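These protein sequences, in sequence, are chains A and B. The numbers in the first sequence follow full-length UniProt numbering, run straight up by one, and end at 581. The numbers in the second sequence follow full-length UniProt numbering, run straight up by one, and end at 565. Note that beta-carbon positions come from the ideal geometry of N, C-alpha and C, so glycine has one too. In this text the structure is predicted, and so the values were computed from the model without any measurement. Below is one structure, written out as structure tokens; the observations come after it.
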Amino acid sequence: MTMPQNPLGGTHVLNGARGFFRLAEGLRWRLALGVGLASAAALASFGLLVLSGWLLAGAAVAGLGGQAAARAFNIMLPATGVRFFALVRILARYLERVVAHDGALRLGGRLRGWVYARLAPLAPAGLTSMQGGDLLGRFVSDTDRVAAYYTDVALPFCRALLCSVVFVGVFACVLLSAALALAVGLLLGGVLVPLVVGPAMDRLVRLAAEKQSYVQVELAQTLQNMGEYLLWDGARSRTRHWHAQQAVVDGARWKLDALESAARGLIGMITFVTVLGVLVLAASACQAGQLHVAEIPMLVLGVLAAFDVAVPLPMARQAGAEARFALTRLETSSAPAPAPAPVAVVGEAHKPHAPYDLEVQGISFAYPNTITPVFQNASLTIRQGEHVALVGPSGIGKSSLINLLFGFYAPHSGCICFGGVDVSTLRAEDMAAFISVATQDFHLFAGTLRDNLLLAAPQATDQELADVLEAAQLTKFIQSLPQGLQTWVGNDGLRLSGGQARRVAVAQALLRGTPWLVLDEPTEGLDAPLEQALMAALVRRGTRTTILCMTHRQAVLPFMHRVVRVEDACFRPGGGSDMKN
Amino acid sequence: MESTSAQPHGVDMTKGLARIARGWLLGSVVAGGVSAVLLVCQFILLAHVVDDMAFHGAGLTAQRHTFGLILACLVGQVGARFASDILGTRAGLRVARHVQWQLLAHLFAAGPVVCAGVPAGEVVTTVTEGAQALVPYFARYVPSAAMMVVLPLLILAVVAGVDGWSFFVLACTGPLVPVFMAFVGYGAQAVMERRWRELSLLGGSFLDALRGLKTLRLFGRTQDSLDRIAYLADAHGRTTLSVMKVAFLTSAALEFFSSLSIALVAVVFGSRLLAGTADFRSAFLVLLLAPEYFMPLRTFSASYHARQNARAAMDRMGTLFALPALARRYGAQTAYAGGVAQSLTCTGLDVHSPDGTPILQDVTCHFTRNRLTVVTGVSGAGKTTLLNTLLGFLQPTAGRLDACDASGRSIPLDCLRMAWVPQRPLMVFGTVADNLRLGMPGVDDQKLRQAAETADALGFIEALPCGFDTHIGERGSSLSGGQVRRLALARALLQNPDVLVLDEPTAGLDVASAMHVANAIRRCAVGRIVVVATHRQALAALADVLVHVADGTVEMLPTQKETVA
């Protein structure tokens with residue numbers, strides 16, 4: 001399936017730094033400006049210390065030289081310089097942060113779009129982790145980690161490179177041998193140290209992340225089968241086992257921290273060794289008359305200031321390892337899933353046509369990685385205009401029919417035809433034009449009730465909204481809310497009860513006005529009078545609509561033309577209860 | 001949030017946790033202090049040697065001794081710094097471990113029914129990533145908060161001994177930094193609070209959109225949602241930046257004062273040096289120390305978000321700790337030496353779901369040894385709740401549950417040997433034997449075969465390529481549904497339970513496999529209380545006693561076998 005508005009064309013794989021560069025298209029100047037400002041701040045800091053050192057030493061020399069020398073020494077110029085550098089440092093640091101974070105946020109926005117476009121065609125099959133754990137949360141945190149690549153990795157390394165060149169250049173103007181010493185020191189600290197610790201960091205980051213996923217899966221499994229562990233008296237041993245696994249993650253984290261700290265310490269040592277080296281070189285150059293006395297402290301302070309850009313590099317190297325790992329994981333887990341292959345957009349001629357009959361012919365299906373078949377050679381025909389109840393105990397797979405109908409999963413054998421077209425040739429988005437579904441696991445987005453309703457049908461008028469709310473028996477509830485339809489729901493919003501949320505989903509489905517209406521347990525969580533009223537309203541509204549109602553409630557059945565039971569993984573015609581007698 | 005009040009969290013929890021790793025934290029702070037002292041010594045020596053070599057014409061050989069001292073200080077300082085870091089990390093990891101241990105223990109105490117009420121993904125994230133968020137807090141934030149006091153005071157003391165003017169400059173600017181940072185920080189906080197809804201909506205919008213992908217596809221709105229995500233991401237960026245612009249002012253305040261004091265020190269000292277009223281060594285030393293004076297503040301403000309993350313994680317943990325502990329404790333089996341359980345009696349039981357909805361009302365029924373009791377009822381009627389109560393995963397709000405031996409003496413419930421075959425039994429990656437031994441590690445092969453035979457599993461196990469040593473794949477994927485159920489039954493039998501509870505053991509099985517499982521269950525009823533919940537006629541027909549659950553009440557129905565058994 002193609003996503004024309006995807007900035008990357010949807011199918012491109014973000015490949016390491018090159019992919020990142022592609023993503024940054026149009027932002028490059030902004031990102032470069034961030035690096036420029038960061039470098040300016042570091043240079044100003046260097047300038048501030050170097051000039052201060054020179055100022056002090058120069059003043060000291062002049063002061064020792066007696067009255068005349070002191071008067072000859074122009075302190076105004078370096079003092080102005082010092083103030084200038086201090087001012088530049090303050091401004092550049094602030095601007096750097098704003099510009100760099102702006103760039104990073106924009107980059108993060110694009111990355112989100114890219115990830116979303118890749119994941120959209122996979123939902124929901126490709127996004128349900130069979131092993132539990134919060135897969136979606138991981139997508140979010142991985143996306144954020146990759147987006148932080150610019151501020152946490154690219155920026156410190158680029159700044160170190162640019163500034164080092166300038167630092168060495170400034171030193172070279174003063175004393176060539178000191179410049180050489182500084183260059184060697186910076187190379188050792190800024191290049192060799194990250195190079196040495198890099199591979200170990202990569203390995204530890206991967207180990208920690210992989211083990212972390214494993215630990216999460218194990219924990220999800222423990223939670224799922226907690227009852228069995230409790231009865232075996234295995235809670236303690238299970239916890240101990242889990243902790244042993246967690247200890248591996250902790251061990252890797254600890255080593256990473258120690259490695260980063262050691263690398264930072266090493267850079268600290270290199271800094272001071274370089275300081276002493278430069279001091280010795282400068283002193284001997286001074287004795288040889290190549291260097292003014294006042295320039296010795298200046299060079300010493302210069303080395304100290306120069307290494308400020310090298311200190312964050314081990315941390316940046318680690319962030320780089322994390323970003324790369326997150327990117328790889330994003331790419332592999334959002335790669336086209338084993339679920340049905342994406343379907344091409346079909347022309348108008350190949351879309352379902354009236355009469356919109358559903359014919360399910362001998363399908364067999366089990367969810368991936370499960371053994372219990374949901375359907376086995378199951379067949380079912382529903383004609384346009386029929387009102388059919390699909391009954392059976394919960395968990396038997398009534399809702400699976402929705403997944404198969406929309407092509408979220410493909411049946412292992414058999415075929416499903418809708419309106420004369422095999423549904424496997426259609427996209428979920430094509431089916432949506434004909435079938436409205438109120439699922440049990442529908443999602444209420446963070447926003448107002450009205451936003452959520454309009455999400456189902458953007459063109460709906462206020463009258464239409466009022467109509468469907470009336471049919472869904474929500475009018476009274478909405479009127480009881482101080483803000484009515486403008487009430488905030490979803491995350492951080494008003495918590496709707498199960499029955500209320502269910503009816504919002506029904507209202508959404510009704511609003512779309514499609515020839516088919518599929519309702520999954522619409523009356524769950526409602527008391528008997530409300531259940532009667534809702535079903536009566538649904539049937540009254542939908543005399544020409546085909547209604548497929550999945551339910552385990554007896555009270556729903558009288559409203560339907562006929563009842564189909566799901567039993568032994570097949571559809572069986574049946575009346576009343578499948579229980580008792 | 002009233003639900004979290006049961007467990008200290010936020011500030012209180014932080015203090016409690018800090019106590020756990022007190023030794024490590026103390027070590028980290030002490031090592032940090034040592035490193036600070038050595039750093040100051042190092043700078044004093046450096047100022048000394050630079051002064052000597054530049055102004056007193058001292059040669060390298062004369063300074064060899066000082067060079068050695070500087071290098072020794074350097075090694076000591078770097079080493080102490082390293083020790084401080086790793087001790088801090090150790091402290092953090094220790095706290096995280098402790099919290100994880102407690103969380104898991106509490107979840108087990110809450111039991112499976114309560115835990116099922118919280119989204120599994122949320123629990124997993126809180127226990128793993130939430131606990132990890134505590135590590136930087138204890139590893140970085142706490143030691144850097146201590147260092148923020150130690151190093152500046154140390155430097156102030158040294159500077160006071162060297163030069164009054166500089167002491168004045170640093171002593172005035174230093175305290176102003178936190179004041180201004182707090183000042184600006186409150187401003188940023190105010191902006192953040194004003195835009196809270198916007199920020200939290202946009203911050204969570206990506207996750208929200210991913211969660212709603214199925215709903216969007218069902219509505220045919222995928223394409224529009226792509227534009228929406230781009231728009232939301234953009235808005236998120238803009239809003240966040242507008243808050244950051246204010247928040248960054250805090251670090252700008254720090255930058256301002258540190259740059260200002262360096263410039264002041266340089267200029268003030270410069271004119272005094274010129275006038276000959278100060279010596280270069282002091283000036284140079286103050287200039288070396290001035291940046292270090294502000295360094296701990298910078299580290300501290302950089303680690304500030306670690307504190308916020310930790311606070312958020314602790315709030316989430318608080319909600320988990322607030323879950324009611326409803327599960328019965330098992331494990332006292334050895335303590336009881338009385339007779340075997342003859343019957344299990346419910347008298348006037350009221351059971352509520354963990355959120356307080358009444359499910360069962362005034363349930364009175366009994367389950368007897370050597371009888372197969374089948375619980376029937378439409379789904380949602382309360383079959384599973386009845387089983388959960390028997391198993392001890394839910395506690396009744398009223399009424400009693402008693403166990404008696406043959407002579408009518410009461411047996412403590414936690415002394416009963418209970419076994420359970422849930423709808424989806426646990427199958428781990430490993431061999432058939434591994435899975436059978438899960439509940440009874442170390443049981444011998446003979447017992448394994450016996451249990452398998454009773455559960456009608458021996459036949460298919462022996463037909464597997466490696467028998468008991470055959471790998472069954474991820475979650476038993478190489479076995480059929482009926483085989484998994486019989487394996488789970490055999491595993492339950494290995495426990496030699498007094499009470500065996502099975503939940504829908506034949507759901508999703510074809511007629512032939514269902515028959516196999518049903519017959520196996522029938523055989524197990526000898527010598528124990530067996531309770532089976534099912535909606536299948538075939539299994540109900542084998543029952544000695546039928547218990548029907550409807551509308552939260554229970555009635556015991558006669559069966560045709562009642563008279564025979």
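Of all the CB atoms in chain A, is at least one closer than 8 Å to the CB of residue i?
{"i": "I70/B", "result": "yes"}
{"i": "E255/B", "result": "yes"}
{"i": "S242/B", "result": "no"}
{"i": "residue 569/B", "result": "Residue 569/B is absent from the structure shown; chain B starts at 1 and stops at 565."}
{"i": "V29/B", "result": "no"}
{"i": "residue 581/B", "result": "Because chain B here runs from 1 to 565, residue 581/B falls outside it and cannot be looked at."}
{"i": "P324/B", "result": "no"}
{"i": "F393/B", "result": "yes"}
{"i": "Q361/B", "result": "no"}
Using the beta-carbon count (16 or more within 10 Å), is residue i buried or exposed?
{"i": "E462/B", "result": "exposed"}
{"i": "L17/B", "result": "buried"}
{"i": "P522/A", "result": "buried"}
{"i": "H236/B", "result": "buried"}
{"i": "D279/B", "result": "buried"}
{"i": "K398/A", "result": "buried"}
{"i": "C549/A", "result": "buried"}
{"i": "R495/A", "result": "exposed"}
{"i": "T461/A", "result": "exposed"}
{"i": "Y231/B", "result": "exposed"}
Is there a Cβ from chain B that is less than 8 Å from the Cβ of residue i?
{"i": "P338/A", "result": "Reliability of the predicted coordinates at P338/A is poor, the pLDDT of 48 falling under 50, and the value obtained from them is presented with this limitation in mind. Cβ-Cβ to chain B under 8 Å: no for P338/A."}
{"i": "M226/A", "result": "yes"}
{"i": "S379/A", "result": "no"}
{"i": "G268/A", "result": "yes"}
{"i": "R253/A", "result": "yes"}
{"i": "L56/A", "result": "yes"}
{"i": "A79/A", "result": "yes"}
{"i": "W232/A", "result": "yes"}
Does DSSP put residue i in a helix, a strand or coil?
{"i": "F171/A", "result": "helix"}
{"i": "G26/A", "result": "coil"}
{"i": "Q195/B", "result": "It is Arg, not Gln, that sits at residue 195/B in the sequence shown. R195/B falls in the coil class under three-state DSSP."}
{"i": "P422/B", "result": "coil"}
{"i": "S282/B", "result": "helix"}
{"i": "L390/A", "result": "strand"}
{"i": "Q63/B", "result": "coil"}
{"i": "T89/B", "result": "helix"}
{"i": "L17/B", "result": "helix"}
{"i": "L45/B", "result": "helix"}
{"i": "F307/A", "result": "helix"}
{"i": "T80/A", "result": "helix"}
{"i": "G447/A", "result": "strand"}
{"i": "Q361/B", "result": "strand"}
{"i": "A550/B", "result": "strand"}
CB of residue i to nearest heavy atom of the ligand MN: below 7 Å?
{"i": "L202/B", "result": "Summarising the ligand content, the structure contains no ligands, and the ligand MN is consequently not present."}
Practice task
Report yes or no: do the segment 179-197 of chain A and the segment 271-290 of chain A share at least 3 C-beta pairs separated by less than 8 Å?
Solution key: Because the criterion of three Cβ pairs below 8 Å is met, the segment 179-197 of chain A and the segment 271-290 of chain A touch.
Exercise for the section: Quick one: which unbroken beta strand (DSSP E) runs of 3-plus residues sit fully inside the segment 530-566 of chain A? Chain order, please. Expected result: Those beta strand (DSSP E) runs which fall completely within the segment 530-566 of chain A and span 3+ residues are 546-551.
Problem - Touching by the beta-carbon criterion (3+ pairs, under 8 Å), the segment 258-271 of chain B and the segment 83-93 of chain A - result: When C-beta atoms of the segment 258-271 of chain B are compared with those of the segment 83-93 of chain A, three or more pairs fall below 8 Å, so the two segments count as touching.
Handout entry: alpha helix (DSSP H) segments (min. 4 residues) lying fully within the segment 381-446 of chain B
Key = Every alpha helix (DSSP H) stretch that sits fully inside the segment 381-446 of chain B and reaches 4 residues is listed by chain position as 383-391 and 432-436.
Practice task
Enumerate, from N- to C-terminal direction, the unbroken alpha helix (DSSP H) stretches of 4 or more residues contained entirely within the segment 295-347 of chain B.
Solution key: If we require 4 residues or more, the alpha helix (DSSP H) runs fully inside the segment 295-347 of chain B come out as 304-321.
Practice task
Examine the Cβ distances between the segment 132-149 of chain A and the segment 318-329 of chain A and report whether three or more of them are shorter than 8 Å.
Solution key: The segment 132-149 of chain A, when compared against the segment 318-329 of chain A, does touch it at the 8 Å Cβ threshold.
Problem - Cβ pair count under 8 Å reaching 3, the segment 440-456 of chain B against the segment 394-414 of chain B - result: Taking a cut-off of 8 Å for Cβ pairs, the segment 440-456 of chain B and the segment 394-414 of chain B do not touch, as fewer than three such pairs fall below it.
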